[in-house]
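Just so it is clear: in the sequence shown, position 139 is 141 by my numbering, and no numbers are missing. Virtual Cβ for every residue (Gly too), placed ideally from N, Cα, C. Okay, so here's the structure we're looking at.
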Amino acid sequence: MKKLKFKEEQRFSRFEIYALLLFFIIGLTYRFVENLLVNGLQMDSTSVSVIGFIVLLAGSLWYLWNLKLEISVNKKGLKYQFGSWNAEPKRIKWEDIEEYRFVESTQPANWSGWNVQFQNEERQVSLCGRNGVQIVTKDGEKLFIGSRKLDVLREKIKNHLAPSE
């Protein structure tokens with residue numbers, strides 16, 4: 003049995019996004035019900051569009067609520083699972099890591115948008131901004147795994163790998 007050294011579970015925790023989605027869902031539902039029941043309007047293409055938009059917003063809310071990142075470190079390697087309820091876990095063995103470095107951004111840098119990168123070869127798996135470990139595997143895959151417990155993750159990874167920072 004694998005002895006677990008570190009485990010972290012992150013959830014999407016931007017409550018202002020949840021509040022905004024709920025505000026639009028409740029507002030659209032209220033106006034739809036008011037127009038249909040109180041004003042006596044008939045179902046038409048606009049009503050169907052409003053229903054579709056409410057369903058789209060509710061689906062987005064459900065997806066964000068179920069979005070999570072799980073990271074675990076054991077003696078064989080690093081495992082992460084990113085996505086909703088049906089995401090496949092990915093494993094990186096210690097011997098497959100060619101180089102790694104730890105990235106820590108300040109909170110204002112995360113808010114500023116300077117961390118937004120387009121056309122990057124790196125696959126980013128994070129729910130906490132640009133704090134985490136950047137890994138390059140021996141087959142050339144570049145990966146960034148975000149962590150809210152970066153100090154503990156740093157210690158556990160360095161116990162298994164020689165530092166290459």
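In this structure, R125 sits away from L69, with a CB-CB distance that is not shorter than 9 Å. The C-beta distance from W96 to L163 rounds to 6 Å, short enough to fall under 8 Å.
Closest by C-alpha distance to L23, out of L59, K5, S51 and Q44, is L59. In this structure, S15 keeps its C-beta atom at 9 Å or more from the C-beta atom of L145. No Cβ-Cβ contact shorter than 9 Å links V57 with V105. Beta-bridge partners of Q12 (DSSP): L71. Restricting attention to alpha helix (DSSP H) runs no shorter than 4 residues, the region 81-152 encloses them at 109-114, ordered along the chain. In this structure, Y82 and I159 do not form a Cβ contact; the two beta carbons are roughly 13 Å apart against a cut-off of 8 Å. Straight across, the Cα-Cα distance linking N76 with F17 is about 32 Å.
Collapsing the DSSP output to three states places G54 in a helix.
Exclusion of the five residues before and after Y65 leaves S86 as the residues of its chain whose Cβ lies within less than 8 Å of its Cβ.
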